[in-house]
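Novice:
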Amino acid sequence: MSDDSFIREVNEEIRREQAQALWDRFGPAILGLAILIVLGTAAVVGYRYWDESRANRSGDAFSQALKLANDGKNDEAIAALDQLEKDGYGAYPLLARMRAATVKADKGDVDGAVKDFDEVAADNAI
Numbered sequence: 000m001s002d003d004s005f006i007r008e009v010n011e012e013i014r015r016e017q018a019q020a021l022w023d024r025f026g027p028a029i030l031g032l033a034i035l036i037v038l039g040t041a042a043v044v045g046y047r048y049w050d051e052s053r054a055n056r057s058g059d060a061f062s063q064a065l066k067l068a069n070d071g072k073n074d075e076a077i078a079a080l081d082q083l084e085k086d087g088y089g090a091y092p093l094l095a096r097m098r099a100a101t102v103k104a105d106k107g108d109v110d111g112a113v114k115d116f117d118e119v120a121a122d123n124a125i
């Protein structure tokens, strides 16, 4: 029995030394990879938050401009939509251009509305 315990102890020591050698060889790479995964995940989450917050701000501004237009405050709505066209994110600048043209038509400036819609139609960046 004492031979078995001696052999088991030697085997455990050999396994420990092999594990230590493996860690010494690959440990820094494993730690570096883990750090890269954490940093990459943080970057993706941060970008998504930033992107979503920009879209939310543009959506809120568009909603406010629509409310102004629905309340009959056409001049204020056009000013808000023009600002959104300059500062908006995603599809909101295009929506703002189209809605501003609609507000102009509602206001009686049909020629200006047609001109604005023609500009939207001619825009190759869309």
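Anchor point for the sequence shown: position 116 equals 115 in numbering that gives the first Met the number 0, and the numbering is continuous, going up by one each time. All C-beta atoms in this analysis are idealised placements derived from N, C-alpha and C, irrespective of residue type, glycine included.
Please say whether Ala99 and Ile77 have beta carbons closer to each other than 8 Å?
Specialist: Translated into positions along the sequence shown, residue 77 becomes position 78. Translated into positions along the sequence shown, residue 99 becomes position 100. Yes, the pair counts as a contact, with Cβ atoms nearer than the cut-off.
Novice: What three-state label does DSSP hand Gly39 in the structure shown?
Specialist: Sequence index remark: in the sequence shown, residue 39 carries index 40 (1-based). Collapsing the DSSP output to three states places Gly39 in a helix.
Novice: Alpha carbon to alpha carbon, how far is Phe61 from Lys85?
Specialist: Within the sequence shown, residue 61 is the residue found at index 62, counting from 1. Within the sequence shown, residue 85 is the residue found at index 86, counting from 1. Roughly 12 Å between the two C-alpha positions.
Novice: Anyone know if the C-beta pair for Gln63 and Ala79 falls short of 8 Å?
Specialist: On the sequence shown, residue 63 is found 64 positions in, with the first residue counted as 1. On the sequence shown, residue 79 is found 80 positions in, with the first residue counted as 1. In this structure, Ala79 lies closer than 8 Å to Gln63 by Cβ.
Novice: Following the continuous alpha helix (DSSP H) through Ala95, name the residue where it begins and the one where it ends.
Specialist: Position 96 of the sequence shown, counted from the start, is the residue given in the question as residue 95. It spans 91 to 106 - the alpha helix (DSSP H) in which Ala95 sits, taken as one unbroken run.
Novice: State yes or no: is the C-beta of Ser52 within less than 8 Å of the C-beta of Gly89?
Specialist: What you label residue 52 is simply residue 53 of the sequence shown in a count that begins at 1. What you label residue 89 is simply residue 90 of the sequence shown in a count that begins at 1. No. Outside cutoff.
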